[in-house]
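Student: Quick note: the sequence shown uses this note's numbering, first residue 461, plus one each step.
Handing you this structure, nothing more for now.
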Amino acid sequence: MNDLKDRVVMITGASSGFGREAAKMCVDLGAKVVLGARREEKLKELCDELGVDSASYKVTDVTSKEQMHGLANHGIEKFGKIDSLVNNAGIMPLSLLAKGRTDEWDHMIDVNIKGVLYGIDSVYSHMIERESGQIINISSVAGKRVMPGSAVYSGTKYAVRAISEGLRLESSGKIQVTCIYPGAFKTELAFSIKDESMLEALMSRGIGAVAQPAERVAESIIYALQQDPGVSVNEIVIRPTAQDA
Ligand code: NDP
């Protein structure tokens, strides 16, 4: 297994959850990290902890193509290159279609699908020119199955799966592509559910009790990052052992 010495890893959604844990592990293994999210104080605190020589951030809303390109350019200016992108930022405002929470649908599509596409666009030509690079997209087990309330969220995560496969085929030989499908892990994600009846229904199914630490998913990101350039771990499905859905 390779260490990540001198690798430059760009991570979206690095202010909490999987992104934050993956950033810490990357630096522990010798990588430099370029971190994006909207909450500046969280990014600053993390970069201060990781050290200016290893970590740099730029406040980034992934729904803005210009801001995503700004993040990639910031990383290239600071560290000379982007070796790997972890397209991790995401939201999960679950609700039944009948509730018609169309603003939340729009936002989910913008963050979870367009954010991933803009991330790819921001590094694609850089990686193709260098004939080397890696893109890790975070989908969900909701990208493999649908439940009542997850129609739109699942739609966005199925899209991440399709985009990952298309990216793999179109960039073969140059970009390593991984799509990760986590089950229930302890992060701030559930806070993005604003429909209280949906949140109650989810919690009554005991999902909170089986959820496992975010570090376990961060470790799967690291596993993908540690592969030799000639090898791509294309898919990782990771659930709590006790998760029955
Ligand atoms: P968190 O809520 O802890 O982290 C989400 C991150 O995304 C935050 O850093 C947040 O930062 C960022 N983010 C949200 N919206 C935007 C935006 N518009 N622009 C930039 N950044 C944004 O949740 P997780 O760590 O769990 O989520 C990470 C990924 O994992 C998501 O794609 C999620 O769908 C997926 N996932 C999570 C599962 C779980 O059980 N936790 C299960 C399956 C998939 P900020 O608010 O500062 O912008």
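Cβ atoms here follow ideal geometry from the backbone N, Cα and C, with glycine treated the same way.
Taking only beta-carbon positions, decide if LEU649 is within less than 7 Å of chain D.
Tutor: Although the question refers to chain D, the structure presented lacks it and comprises just one protein chain.
Student: What are the uninterrupted segments assigned as beta strand (DSSP E) that are 3 or more residues long and contained completely in the stretch 491-571, given in chain order?
Tutor: Listed in chain order, the complete beta strand (DSSP E) runs (minimum 3 residues) inside the stretch 491-571 are 492-497, 515-519 and 544-547.
Student: Note down the Cα distance separating MET568 from SER610, rounded to an integer number of angstroms.
Tutor: Counted from its first residue, the sequence shown places residue 568 at position 108. Counted from its first residue, the sequence shown places residue 610 at position 150. Distance between the alpha carbons of MET568 and SER610 is about 11 Å.
Student: Taking the beta carbon of THR701 as the centre, do at least 16 other beta carbons fall within 10 Å, making it buried, or is it exposed?
Tutor: The count along the sequence shown starts at 1 and reaches residue 701 at position 241. The residue in question, THR701, is exposed, as its Cβ has fewer than 16 Cβ neighbours within 10 Å.
Student: For the ligand NDP, is there a heavy atom less than 6 Å away from the beta-carbon of ASP566?
Tutor: Translated into the one-based positions of the sequence shown, residue 566 becomes position 106. The answer is no for ASP566.
Student: So, helix, strand or coil for GLY593, using DSSP?
Tutor: Within the sequence shown, residue 593 is the residue found at index 133, counting from 1. Three-state result, GLY593: strand.
Student: Could you round the C-beta distance between LEU545 and MET470 to whole angstroms and report it? I think they count as a contact, below 8 Å.
Tutor: Here residue 545 refers to the residue found at position 85 of the sequence shown. Here residue 470 refers to the residue found at position 10 of the sequence shown. About 5 Å; that satisfies the 8 Å criterion.
Student: Can you look up VAL469 in the DSSP assignment and give me helix, strand or coil?
Tutor: Along the sequence shown, one-based indexing puts residue 469 at 9. Residue state, collapsed to three classes: strand.
Student: State the DSSP-derived secondary structure class of GLU648, mapped to helix, strand or coil.
Tutor: Reading the sequence shown from its first residue, position 188 is the one you call residue 648. Note: GLU648 maps to coil in three-state DSSP.
Student: The alpha helix (DSSP H) spanning ILE698 covers which residue range?
Tutor: Position 238 of the sequence shown, counted from the start, is the residue given in the question as residue 698. Here ILE698 belongs to no alpha helix (DSSP H); instead the beta strand (DSSP E) covers 695-698.
Student: Between the C-alpha atoms of LEU557 and GLU501, what's the straight-line distance to the nearest angstrom?
Tutor: Locating residue 557 in the sequence shown gives position 97, counting from the first residue. Locating residue 501 in the sequence shown gives position 41, counting from the first residue. Using only the alpha carbons, I get a separation of about 35 Å.
Student: Using alpha carbons as the reference points, say which of ALA491, ILE635, GLU509 and LEU627 lies closest to GLU589.
Tutor: Locating residue 589 in the sequence shown gives position 129, where the first residue counts as 1. Per the Cα distances, ILE635.
Student: Of the residues SER631, GLU695 and LYS646, which one's Cα is nearest the Cα of ARG676?
Tutor: Translated into the one-based positions of the sequence shown, residue 676 becomes position 216. It is LYS646.
Student: Using the rule of at least 16 other Cβ atoms within 10 Å of the residue's Cβ for burial, across every protein chain shown, is LYS465 buried or exposed?
Tutor: Within the sequence shown, the letter at position 5 stands for residue 465. When all chains shown are included, LYS465 counts as exposed.
Student: Compute the Euclidean distance between the alpha carbons of VAL487 and LYS559, then round it to the nearest angstrom.
Tutor: The residue you call residue 487 lines up with position 27 of the sequence shown. The residue you call residue 559 lines up with position 99 of the sequence shown. Going by the C-alpha atoms only, they are around 43 Å apart.
Student: Just the C-alpha distance for ALA684 and ALA650, rounded to the nearest angstrom, thanks.
Tutor: Against the sequence shown, residue 684 aligns to sequence position 224. Against the sequence shown, residue 650 aligns to sequence position 190. Looking at the two C-alpha atoms, the distance is approximately 26 Å.
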